[in-house]
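For the first sequence, the numbering used here assigns the number 13 to the initial residue and increments by one for each residue that follows.
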Amino acid sequence: MTEAVPSWTDERVELLRRLWDDGLSASQIALQIGGVSRNAVIGKVHRLGLAGRVKPLGQVAANGRRKGDEVEIEASETVVIVEEPTVPEPPAIVTHRPAPDFPLNALPSAAPQPVALAVSERVTIMDLRDSMCRWPMGDPTKPDFRFCGARSITGLPYCSQHAQIAYQPAAERKRDRRVAGMR
DNA sequence: CCCTGATTCGC
DNA sequence: GCGAATCAGG
Numbered sequence: 013m014t015e016a017v018p019s020w021t022d023e024r025v026e027l028l029r030r031l032w033d034d035g036l037s038a039s040q041i042a043l044q045i046g047g048v049s050r051n052a053v054i055g056k057v058h059r060l061g062l063a064g065r066v067k068p069l070g071q072v073a074a075n076g077r078r079k080g081d082e083v084e085i086e087a088s089e090t091v092v093i094v095e096e097p098t099v100p101e102p103p104a105i106v107t108h109r110p111a112p113d114f115p116l117n118a119l120p121s122a123a124p125q126p127v128a129l130a131v132s133e134r135v136t137i138m139d140l141r142d143s144m145c146r147w148p149m150g151d152p153t154k155p156d157f158r159f160c161g162a163r164s165i166t167g168l169p170y171c172s173q174h175a176q177i178a179y180q181p182a183a184e185r186k187r188d189r190r191v192a193g194m195r
């Protein structure tokens with residue numbers, strides 16, 4: 013069965029609103045809601061009339077694209093006063109309870125390693141640069157402890173692989189039907 | 001190249 | 001209504 017995604021149910025729309033309002037990007041929202049592409053998210057956002065959220069300060073940035081249309085110099089500059097002059101959009105992604113932190117995987121086999129990717133990159137805290145996945149690998153008390161180090165999703169501390177593990181969408185657990193290996 | 005959101009348009 | 005493809009930009 014292809015367990016077709018419910019489409020935009022009230023709950024999903026609600027979640028979408030929340031996340032969008034929290035300033036998450038469409039792709040991030042798509043990952044969390046699950047089953048939808050970022051395009052789908054953007055499309056929905058527009059249809060809901062949520063588009064044009066808080067702009068990155070200053071630039072009201074009109075739409076950049078206008079196909080066969082000529083200039084449209086209407087728009088009375090009713091410049092919006094930014095509500096919060098000092099709000100850099102912190103990590104508001106905590107909708108589903110995040111990340112298991114290192115102390116946990118000290119357990120025999122509770123270590124988060126369902127990801128069998130080619131662990132080509134694994135870095136020590138020293139080499140952990142920005143935009144690198146901070147998923148812990150190994151025992152933090154041992155010298156061989158490393159972080160995933162793969163490219164993290166913008167705005168998140170993890171790469172796409174680990175982000176999906178850390179931030180699992182509120183799955184519809186009607187009867188729980190987790191089939192391993194979708195996609 | 002990575003990422004953003006915006007728009008169009010066939011379904 | 002939906003979202004892939006596309007566009008425009010950072």
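Virtual Cβ for every residue (Gly too), placed ideally from N, Cα, C.
None of these values were measured; they are calculated from a predicted model.
For residue 152 and residue 36, what's the separation of their Cα atoms in angstroms? Walking along the first sequence from the start, residue 152 turns up at place 140. Walking along the first sequence from the start, residue 36 turns up at place 24. The straight-line gap from Cα to Cα measures roughly 30 angstroms.
Do residue 53 and residue 38 have their C-beta atoms closer together than 7 angstroms? The residue given as residue 53 occupies position 41 in the first sequence. The residue given as residue 38 occupies position 26 in the first sequence. The answer is yes: Cβ separation under 7 angstroms.
By Cβ distance, which residues of its chain are closer than 7 angstroms to residue 140, with the 5 residues on each side in sequence left out? Taking the first residue of the first sequence as position 1, residue 140 is located at position 128. Here residue 140 has 146, 159 and 161 as same chain residues with Cβ atoms under 7 angstroms from its own Cβ, once five neighbours each way along the sequence are excluded.
Go through its chain and collect everything with a Cβ distance to residue 170's Cβ below 6 angstroms, but skip five positions before and after it. Sequence index remark: in the first sequence, residue 170 carries index 158 (1-based). Closer than 6 angstroms at Cβ, skipping near neighbours: 145, 147, 164 and 178.
Between the CA atoms of residue 27 and residue 62 - distance to the nearest angstrom: Start at 1 with the first residue of the first sequence, and residue 62 comes out as number 50. Start at 1 with the first residue of the first sequence, and residue 27 comes out as number 15. Rounded to whole angstroms, residue 62 to residue 27 spans 13 angstroms at the Cα level.
Proximity winner among 58, 156, 60 and 24, relative to residue 43 (alpha-carbon distances): Taking the first residue of the first sequence as 1, we reach residue 43 at position 31. Cα-wise, what sits closest to residue 43 is 24.
Have a look at residue 46 and residue 172 and give me their C-alpha separation to the nearest angstrom. On the first sequence, residue 46 is found 34 positions in, with the first residue counted as 1. On the first sequence, residue 172 is found 160 positions in, with the first residue counted as 1. One C-alpha to the other measures close to 12 angstroms.
Classification of residue 154 by the beta-carbon crowding that lies within 10 angstroms, buried from 16 upward: One-based indexing of the first sequence puts residue 154 at position 142. Per the 10 Å Cβ criterion, exposed.
Bridge-paired residues (DSSP) for residue 164: Start at 1 with the first residue of the first sequence, and residue 164 comes out as number 152. Beta-bridge pairing links residue 164 to 171.
Backbone secondary structure at residue 30 - three-state DSSP: Residue numbering aside, residue 30 sits at position 18 when the first sequence is read from its first letter. Looking at residue 30 - three-state DSSP - the assignment turns out to be helix.
Please report the residue range of the alpha helix (DSSP H) in which residue 41 lies. As a first step, residue 41 is located in the first sequence; it is residue number 29 there, counting from the start. 38 to 45 is the span of the alpha helix (DSSP H), which, as asked, contains residue 41.
Classify residue 135 as helix, strand or coil using the three-state DSSP reduction. For the purposes of this step, residue 135 is taken as residue 123 along the first sequence, with counting starting at 1. Strand at residue 135.
Compare the C-alpha of residue 33 against each of 18, 50, 57 and 134 and name the closest. Working through the first sequence from its first residue, we reach residue 33 at position 21. Ranked by Cα distance from residue 33, the options 18, 50, 57 and 134 are led by 57.
Buried or exposed: residue 31, going by 16 or more other Cβ atoms within 10 Å of its Cβ? The residue given as residue 31 occupies position 19 in the first sequence. Answer is buried; the Cβ neighbour count reaches 16.
Grouping DSSP H, G and I as helix and E and B as strand, with all else coil, what is residue 141? Position 129 of the first sequence holds residue 141. Coil at residue 141, not helix or strand.
Using the Cα positions of residue 21 and residue 29, report the straight-line distance between them to the nearest angstrom. One-based indexing of the first sequence puts residue 21 at position 9. One-based indexing of the first sequence puts residue 29 at position 17. In a straight line, the C-alpha of residue 21 is about 12 angstroms away from that of residue 29.
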